Amino acid sequence: MGSTLVNAELGAGFRKNQVSDNELSYTKNRRDVLQRLSWGQVNEENYYTFLKTHFDFGQLSVHPCLRLDHMTFGYVEHLAAAYRSLQQAETILSPKLKASYSPGRKW
(Lines of atoms letter the chains of each structure in order from A and count residues from 1; the text may use other names and numbers.)
(Lines give C-alpha, C1' and ligand atoms only; values in the text may rest on other atoms or scores of the structure.)
Protein backbone atom coordinates (compact mmCIF):
# COMPACT_ATOMS: atom_id res chain seq x y z
CA MET A 1 0.00 0.00 0.00
CA GLY A 2 1.82 3.13 1.16
CA SER A 3 1.34 6.25 3.19
CA THR A 4 -1.41 8.82 2.85
CA LEU A 5 -0.45 12.45 2.29
CA VAL A 6 -2.86 15.06 3.70
CA ASN A 7 -2.84 18.81 3.00
CA ALA A 8 -5.26 21.43 4.34
CA GLU A 9 -5.84 25.11 3.56
CA LEU A 10 -8.02 27.46 5.59
CA GLY A 11 -8.98 30.93 4.38
CA ALA A 12 -11.39 33.80 4.85
CA GLY A 13 -12.27 37.04 3.13
CA PHE A 14 -14.86 39.66 2.38
CA ARG A 15 -16.17 41.71 -0.50
CA LYS A 16 -18.25 44.89 -0.46
CA ASN A 17 -19.94 46.55 -3.42
CA GLN A 18 -21.72 49.88 -3.32
CA VAL A 19 -23.45 51.02 -6.50
CA SER A 20 -24.89 54.52 -6.49
CA ASP A 21 -27.49 55.88 -8.90
CA ASN A 22 -28.83 52.48 -9.90
CA GLU A 23 -31.83 53.29 -12.08
CA LEU A 24 -34.73 51.57 -13.84
CA SER A 25 -36.49 53.96 -16.23
CA TYR A 26 -38.62 54.20 -19.32
CA THR A 27 -36.48 55.84 -22.00
CA LYS A 28 -36.73 57.08 -25.54
CA ASN A 29 -33.87 56.25 -27.89
CA ARG A 30 -31.84 55.02 -24.89
CA ARG A 31 -30.96 58.60 -23.91
CA ASP A 32 -34.07 60.54 -22.95
CA VAL A 33 -35.56 59.49 -19.60
CA LEU A 34 -39.36 59.49 -19.86
CA GLN A 35 -40.13 58.13 -16.38
CA ARG A 36 -38.02 56.81 -13.52
CA LEU A 37 -39.49 53.64 -12.04
CA SER A 38 -36.76 53.09 -9.48
CA TRP A 39 -33.64 55.00 -8.50
CA GLY A 40 -31.43 54.16 -5.58
CA GLN A 41 -28.29 52.74 -4.07
CA VAL A 42 -27.35 49.05 -3.95
CA ASN A 43 -25.16 47.71 -1.13
CA GLU A 44 -23.81 44.15 -1.23
CA GLU A 45 -21.55 42.45 1.31
CA ASN A 46 -20.12 38.93 1.26
CA TYR A 47 -18.14 37.42 4.14
CA TYR A 48 -16.76 33.94 3.59
CA THR A 49 -14.52 31.26 5.03
CA PHE A 50 -13.38 28.00 3.48
CA LEU A 51 -11.52 24.79 4.23
CA LYS A 52 -9.83 22.86 1.41
CA THR A 53 -8.29 19.47 2.05
CA HIS A 54 -6.38 17.07 -0.17
CA PHE A 55 -5.91 13.38 0.58
CA ASP A 56 -3.40 11.60 -1.67
CA PHE A 57 -3.62 7.79 -1.63
CA GLY A 58 -1.09 7.20 -4.41
CA GLN A 59 -3.10 6.80 -7.62
CA LEU A 60 -6.27 8.11 -5.97
CA SER A 61 -6.66 11.73 -4.79
CA VAL A 62 -9.69 13.04 -2.89
CA HIS A 63 -10.38 16.77 -2.38
CA PRO A 64 -13.22 17.53 0.07
CA CYS A 65 -13.91 21.26 0.52
CA LEU A 66 -16.32 23.34 2.56
CA ARG A 67 -17.26 27.01 2.13
CA LEU A 68 -19.46 29.21 4.34
CA ASP A 69 -20.86 32.43 2.83
CA HIS A 70 -22.85 35.17 4.53
CA MET A 71 -24.33 37.63 2.02
CA THR A 72 -26.22 40.84 2.71
CA PHE A 73 -28.09 42.71 -0.02
CA GLY A 74 -29.43 46.19 0.63
CA TYR A 75 -31.24 48.80 -1.42
CA VAL A 76 -32.11 52.41 -0.58
CA GLU A 77 -34.87 53.88 -2.78
CA HIS A 78 -34.35 57.60 -3.49
CA LEU A 79 -37.74 58.12 -5.17
CA ALA A 80 -39.84 57.12 -2.15
CA ALA A 81 -41.56 59.97 -0.27
CA ALA A 82 -40.35 58.52 3.03
CA TYR A 83 -36.91 56.98 3.56
CA ARG A 84 -37.11 53.33 2.57
CA SER A 85 -34.31 50.84 2.96
CA LEU A 86 -34.74 47.20 1.97
CA GLN A 87 -32.31 44.57 3.22
CA GLN A 88 -32.02 40.81 3.04
CA ALA A 89 -29.33 38.47 4.36
CA GLU A 90 -28.60 34.81 3.68
CA THR A 91 -26.03 32.32 4.94
CA ILE A 92 -25.17 29.22 2.95
CA LEU A 93 -22.85 26.26 3.53
CA SER A 94 -21.50 24.75 0.31
CA PRO A 95 -19.76 21.35 0.37
CA LYS A 96 -17.69 20.17 -2.58
CA LEU A 97 -16.05 16.82 -3.31
CA LYS A 98 -13.62 16.06 -6.10
CA ALA A 99 -11.85 12.76 -6.72
CA SER A 100 -9.31 11.83 -9.36
CA TYR A 101 -7.63 8.58 -10.30
CA SER A 102 -4.34 8.32 -12.18
CA PRO A 103 -3.74 4.86 -13.65
CA GLY A 104 -0.24 3.38 -13.57
CA ARG A 105 2.31 3.84 -16.36
CA LYS A 106 1.44 0.46 -17.88
CA TRP A 107 -2.13 1.51 -18.59
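For the sequence shown, our numbering begins at 1207 and goes up steadily by one.
Think of the CB as a built atom: it goes at the ideal place given N, C-alpha and C, for glycine as much as any other residue.
The structure displayed is predicted, hence computed values, not measured ones.
Do you know how far the Cα of N1213 is from the Cα of S1291?
45 Å
I need the straight-line Cα distance from E1304 to T1259, nearest angstrom please.
It should be pointed out that residue 1304 corresponds to Lys in this sequence rather than to Glu. In this model, K1304 and T1259 are separated by some 10 Å (Cα to Cα).
Rounded to whole angstroms, what's the CA-CA distance from F1256 to K1234? Just pull it up for me.
Each residue's alpha carbon lies about 47 Å from the other.
For the segment 1231–1246 against the segment 1268–1276, do three or more pairs of beta-carbon atoms, one drawn from each stretch, fall closer than 8 Å, so that the two count as touching?
no
In the DSSP assignment, find the unbroken beta strand (DSSP E) run with H1284 in it and report its ends.
No beta strand (DSSP E) holds H1284; DSSP gives it neither H nor E.
Take the Cβ of G1246 as the centre, count every other Cβ of all protein chains shown within 10 Å, and call the residue buried at 16 or more, exposed below.
buried
Excluding the five sequence neighbours on either side, which residues of its own chain have a C-beta within less than 6 Å of the C-beta of P1301, listed in chain order?
L1272
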